[in-house]
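First comes the structure, then the notes that go with it.
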Amino acid sequence: MSERIEDEYRDLASHLDKMPVGYPSTESGIELKILKHLFSPEEAKIAMNLGFTPLELKKIHRKMKAEGISLQELESKLDKMYQKGLINYGKDMKGEKEIKYYANAPLVIGMFEYQLNRLSKEFLKDMEQYFQEAFMEEYNKPGIPQLRTIPIEESIPHEQNIATYDMMRDLINTVGTPIGVAECICKKGKDILGDPCKKTDMREVCFTFRTAAESYHEKGLARLISKEEALKILTKAEKDGLVLQPANSIRPMCICCCCGCCCEVLLNQKKGAQPAKFFATNFYAEIDDELCVGCGLCEDRCNMDAISIIEEKSVIDLDKCIGCGVCIPSCVNDAISLQKKEEELVPPKNTIATYMKIMENKAKLARALKN
968 MSERIEDEYR
978 DLASHLDKMP
988 VGYPSTESGI
998 ELKILKHLFS
1008 PEEAKIAMNL
1018 GFTPLELKKI
1028 HRKMKAEGIS
1038 LQELESKLDK
1048 MYQKGLINYG
1058 KDMKGEKEIK
1068 YYANAPLVIG
1078 MFEYQLNRLS
1088 KEFLKDMEQY
1098 FQEAFMEEYN
1108 KPGIPQLRTI
1118 PIEESIPHEQ
1128 NIATYDMMRD
1138 LINTVGTPIG
1148 VAECICKKGK
1158 DILGDPCKKT
1168 DMREVCFTFR
1178 TAAESYHEKG
1188 LARLISKEEA
1198 LKILTKAEKD
1208 GLVLQPANSI
1218 RPMCICCCCG
1228 CCCEVLLNQK
1238 KGAQPAKFFA
1248 TNFYAEIDDE
1258 LCVGCGLCED
1268 RCNMDAISII
1278 EEKSVIDLDK
1288 CIGCGVCIPS
1298 CVNDAISLQK
1308 KEEELVPPKN
1318 TIATYMKIME
1328 NKAKLARALK
1338 N
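So for the sequence shown, the numbering used here puts the first residue at 968; every next one is plus one.
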């Protein structure tokens, strides 16, 4: 590959690093290899003319005037990039005229998940390497995660006043339609790598809503389902011990059902000493020593390795507990309960507000580092 083309991928990497959740460089250059999996050199050049904020097709065309590409040709190429899961797309009506908009997609949640039907062992191994070398640090940097953790229904104490955004079934019933369900890319990836999920045999456990559901369905990544089927899938996900993680907003665009053996976020977070600080959660688990018999069932069920048996009693490491409640149904003696944190985290109102908050926090961090 020529040096000029290599520079185009480097330029794209730098461009994507300006996103709310950036695309940091590494010594190994694995981030460039990932871009080569995804973008052709021409597509990389086109993506350089997009941004995080959706841009009208005509404005993109004006930016690329020097390339000598026609409006129709550019539209066709952008549509193909959208179908390949490289960029985001939307449309609006101005009077009777349809206006198309395009924007860069972040790596996660975005380009990676959009590759659901294009996975290879090489791409998955490269993604694992990038998560470990640089991306998880970038993911954690703003202090505002893209996902929240909410408790499974069986774990919620009836006497506690719980906000609707922390109640999975309330979310499903109010978040809006259509509802799409897709295979979990992490679980599918582990299947391809020969290390299948140890928690569940389900693969369709990722939900999308409203325009995100339409987009996923349009690209052949999800099927549209009823609220009743969504609740049925969620009930089994809870029973199997999956962690419920909606997008970090009051009206989430997606809900992931995650596990500690496949999910790249959970897998990499729990390697640290204090992973809980990187999760948006309003709860934590607590053990009643008088009722605990030290059977170890909760320890086996925990996705974050937050529970250990010490002197025949379960002990919870609150630096690792993310308040998912998955451990609670396993306890036959009712020795574990879910407690609400004193300070409640209220999620941003929508996805845009979440990313704007992430950008604001990154800017504050950058200013602090300069000083």
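The C-beta atom is built at its ideal place from N, Cα and C for all residues, glycine as well.
- Distance between A1197 and E1080, taken at the CA atoms: about 20 Å.
- Below 8 Å, too few C-beta pairs join the stretch 1266 to 1282 and the stretch 1129 to 1149 to call them touching: fewer than three.
- Here N1249 really is in contact with K1308; their C-beta atoms are around 5 Å apart, less than 8 Å.
- Judged by their CB atoms, C1221 and L1233 are not nearer to each other than the 8 Å cut-off.
- Here G1227 is buried: its Cβ has 16 or more other Cβ atoms, across all protein chains shown, within 10 Å.
- Where K1307 is concerned, the enclosing beta strand (DSSP E) starts and stops at 1303 to 1307.
- In terms of Cβ geometry, T1167 and G1290 do not form a close pair [threshold 8 Å].
- Rounded to the nearest angstrom, the Cβ distance from S1122 to P1296 is 7 Å, consistent with a contact under 8 Å.
- In the DSSP secondary-structure assignment, G1290 is not bridged to any residue.
- Separation of the CB atoms of G1261 and K1287 is rounded to 19 Å, and the pair is thereby denied contact status at 8 Å.
- Membership of V1232 in the alpha helix (DSSP H) is indicated by the continuous run 1231 to 1236.
- I1283 counts as buried, since at least 16 other C-beta atoms from the protein chains shown sit within 10 angstroms of its C-beta.
- For L1191, there is no enclosing alpha helix (DSSP H); the residue is part of the beta strand (DSSP E) that begins and ends at 1189 to 1192.
- The residue among I972, F1019, G996 with its C-alpha nearest the C-alpha of I1319 is F1019.
- DSSP places Y1183 inside the alpha helix (DSSP H), whose first and last residues are 1177 to 1185.
- By the Cβ criterion, the stretch 1155 to 1164 is not in contact with the stretch 1187 to 1202, since fewer than three pairs of Cβ atoms, one from each stretch, lie closer than 8 Å.
- According to DSSP, L1045 shares a beta bridge with no other residue.
- According to DSSP, residue pairing for M1060 in a beta bridge involves E1065.
- For Q1082, the secondary structure class from DSSP, reduced to helix, strand or coil, is coil.
- Assigned with DSSP and collapsed to three states, N1140 falls in helix.
- Within the model, the alpha-carbon separation for L1305 versus N1270 is close to 16 Å.
- For G1156, no beta strand (DSSP E) encloses it; the enclosing alpha helix (DSSP H) starts and ends at 1152 to 1159.
- For secondary structure counted as the beta strand (DSSP E) over 3 or more consecutive residues, the stretch 993 to 1054 holds no complete run.
- At a Cβ-Cβ threshold of 8 Å, C1223 and Q1212 count as neighbours.
- If you draw a 10 Å sphere on the C-beta of I1303, you find 16 or more other C-beta atoms in it, and that means buried.
- Apart from the 5 residues on each side of it in sequence, G1110 sits with its Cβ closer than 7 Å to the Cβ of N1328 in its chain, given in chain order.
- Our two residues, E1150 and V1172, have alpha carbons roughly 6 Å apart in a direct line.
- The criterion of a C-beta distance shorter than 8 Å is satisfied by A1070 and L1022.
- DSSP places E1253 in no alpha helix (DSSP H) but in the uninterrupted beta strand (DSSP E) bounded by 1250 to 1254.
- Residue pairing by DSSP places E1171 opposite E1150 in a beta bridge.
- Here Q1127 carries a coil assignment [DSSP, helix/strand/coil].
- Rounded to the nearest whole angstrom, the CA to CA distance from E1231 to C1153 is 7 Å.
- Distance from the CA atom of A980 to the CA atom of I997, rounded to whole angstroms, is 11 Å.
- A direct Cα-to-Cα measurement between V1148 and E970 gives close to 42 Å.
- The three-state secondary structure of Q1212, taken from DSSP, is strand.
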